[in-house]
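Chemist: Note that UniProt numbering has the sequence shown beginning at 1, numbered continuously upward.
My questions all concern the structure below.
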Amino acid sequence: MASKASSSASQTQTLSSTSDQRVSLTLAFLKELGMDRHVPQIFDTSGIYSNLFGSFLKVNDIKRGRISCTIAIKPPIANFYGTLHGGSVASFVESLSTACARTVIAEDKELFLGEINMSYLSAAPINAEVQAEASVVKSGRYVTMIALEFKLKKTGNLTCVAHTTFYNFPERFWRATGNQFDQEKYSGKEHTLDEITYMNVKWGCLHEILA
Numbered sequence: 001m002a003s004k005a006s007s008s009a010s011q012t013q014t015l016s017s018t019s020d021q022r023v024s025l026t027l028a029f030l031k032e033l034g035m036d037r038h039v040p041q042i043f044d045t046s047g048i049y050s051n052l053f054g055s056f057l058k059v060n061d062i063k064r065g066r067i068s069c070t071i072a073i074k075p076p077i078a079n080f081y082g083t084l085h086g087g088s089v090a091s092f093v094e095s096l097s098t099a100c101a102r103t104v105i106a107e108d109k110e111l112f113l114g115e116i117n118m119s120y121l122s123a124a125p126i127n128a129e130v131q132a133e134a135s136v137v138k139s140g141r142y143v144t145m146i147a148l149e150f151k152l153k154k155t156g157n158l159t160c161v162a163h164t165t166f167y168n169f170p171e172r173f174w175r176a177t178g179n180q181f182d183q184e185k186y187s188g189k190e191h192t193l194d195e196i197t198y199m200n201v202k203w204g205c206l207h208e209i210l211a
């Protein structure tokens with residue numbers, strides 16, 4: 001019995017030691033990425049990310065249902081390995097697909113990003129240029145779908161493909177359904193408009209939007 005207890009204690013100590021090592025390595029990795037670093041005041045403002053990512057974009061062509069851009073890969077949007085960061089790609093996907101959707105959606109309709117799907121295929125190194133193409137696949141009364149391709153300008157190799165789905169409907173509609181939902185199902189609780197919209201879709205209002 002004493003031998004078994006000693007063995008169990010030894011295993012527990014080993015697991016604890018291994019866990020502590022992994023925690024230390026994880027914290028070191030996060031600190032290397034900038035965890036706990038002071039954020040300069042210049043970045044503590046609304047819209048800073050839109051301005052940042054927009055500075056690396058050059059619009060080549062824009063027409064109804066299609067947008068073509070060139071993305072210059074620079075260190076601020078690159079990762080630890082010196083290639084375009086996956087999060088940066090996601091930001092470009094969102095901004096380009098929103099802009100593309102706006103070429104076919106009237107300004108009196110709100111756009112809500114309902115789905116985003118991305119496949120990362122290859123890396124784009126710093127100082128390379130990426131050709132980004134966004135096109136409308138389908139645009140109905142209340143749903144718009146966008147397809148995107150990102151290719152290295154020099155070789156034509158695909159770096160990423162993506163698809164996004166937007167719900168688009170008049171402001172009067174989502175305000176009306178939002179107010180109704182808040183009063184009938186979540187009375188007494190406070191929710192943002194985004195939360196109200198999400199809950200409307202989640203709890204059965206989607207059939208009204210698509211009808």
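Cβ coordinates follow ideal geometry from the N, Cα and C atoms, glycine included.
1. Quick one: any contact between the segment 40-47 and the segment 75-92, if contact means 3 or more CB pairs under 8 Å?
2. Taking the CB atoms as reference points, tell me whether serine 91 and alanine 78 lie closer together than 9 Å.
3. What does a CB cutoff of less than 6 Å around tryptophan 203 pick up in its chain, not counting 5 residues either side in sequence?
4. Are the Cβ atoms of valine 59 and threonine 164 separated by less than 9 Å?
5. How many angstroms separate the CA atom of phenylalanine 112 from the CA atom of glutamate 32?
6. For phenylalanine 56, count neighbouring C-beta atoms within 10 Å of its own C-beta (all shown protein chains included) and say buried if the count is 16 or more, exposed if not.
7. With a threshold of 8 Å, establish whether the CB of serine 46 neighbours any heavy atom of the ligand PLP.
8. Would the beta-carbon of leucine 121 fall within 9 Å of that of leucine 96?
9. Since valine 89 is in the alpha helix (DSSP H), which residue starts that stretch and which ends it?
10. Distance, Cα to Cα, arginine 22 vs leucine 30?
11. My understanding is that alanine 134 touches leucine 152, with C-beta atoms under 8 Å, so please give their C-beta distance in whole angstroms.
12. Could you check the C-alpha separation between lysine 109 and serine 24 for me, to the nearest Å?
13. Would you decide whether cysteine 69 is buried or exposed? Buried here means 16 or more other CB atoms lie within 10 Å of its CB.
14. To the nearest angstrom, report how far apart glycine 140 and alanine 28 are at their CA atoms.
Modeler: Here's the rundown:
1. no
2. If you number the sequence shown from 1, residue 91 lands on position 91. If you number the sequence shown from 1, residue 78 lands on position 78. The answer is no: Cβ separation not under 9 Å.
3. Taking the sequence shown and counting its residues from 1, the one referred to as residue 203 is at position 203. With a pLDDT of 41 at tryptophan 203, under the threshold of 50, the predicted position of this residue should be treated as unreliable, though the coordinate-derived value follows. Nothing meets the Cβ criterion.
4. Along the sequence shown, read from residue 1 onward, the residue named residue 59 stands at position 59. Along the sequence shown, read from residue 1 onward, the residue named residue 164 stands at position 164. Contact: no.
5. The count along the sequence shown starts at 1 and reaches residue 112 at position 112. The count along the sequence shown starts at 1 and reaches residue 32 at position 32. Rounded to whole angstroms, phenylalanine 112 to glutamate 32 spans 35 Å at the Cα level.
6. For this step, residue 56 is matched to residue 56 along the sequence shown. Label assigned to phenylalanine 56: buried.
7. No copy of the ligand PLP occurs in the structure displayed, which carries no ligand at all.
8. Locating residue 121 in the sequence shown gives position 121, where the first residue counts as 1. Locating residue 96 in the sequence shown gives position 96, where the first residue counts as 1. No. Outside cutoff.
9. Position 89 of the sequence shown, counted from the start, is the residue given in the question as residue 89. Valine 89 -> alpha helix (DSSP H) spans 86-102.
10. For this step, residue 22 is matched to residue 22 along the sequence shown. For this step, residue 30 is matched to residue 30 along the sequence shown. In a straight line, the C-alpha of arginine 22 is about 12 Å away from that of leucine 30.
11. As a position in the sequence shown, residue 134 is number 134, starting the count at 1. As a position in the sequence shown, residue 152 is number 152, starting the count at 1. 17 Å between Cβ atoms; not a contact.
12. The residue given as residue 109 occupies position 109 in the sequence shown. The residue given as residue 24 occupies position 24 in the sequence shown. When rounded, the distance between both Cα atoms is 49 Å.
13. As a working note, residue 69 is residue 69 in the sequence shown. Burial call: buried.
14. Position 140 of the sequence shown holds residue 140. Position 28 of the sequence shown holds residue 28. Approximately 49 Å, taken between the alpha carbons.
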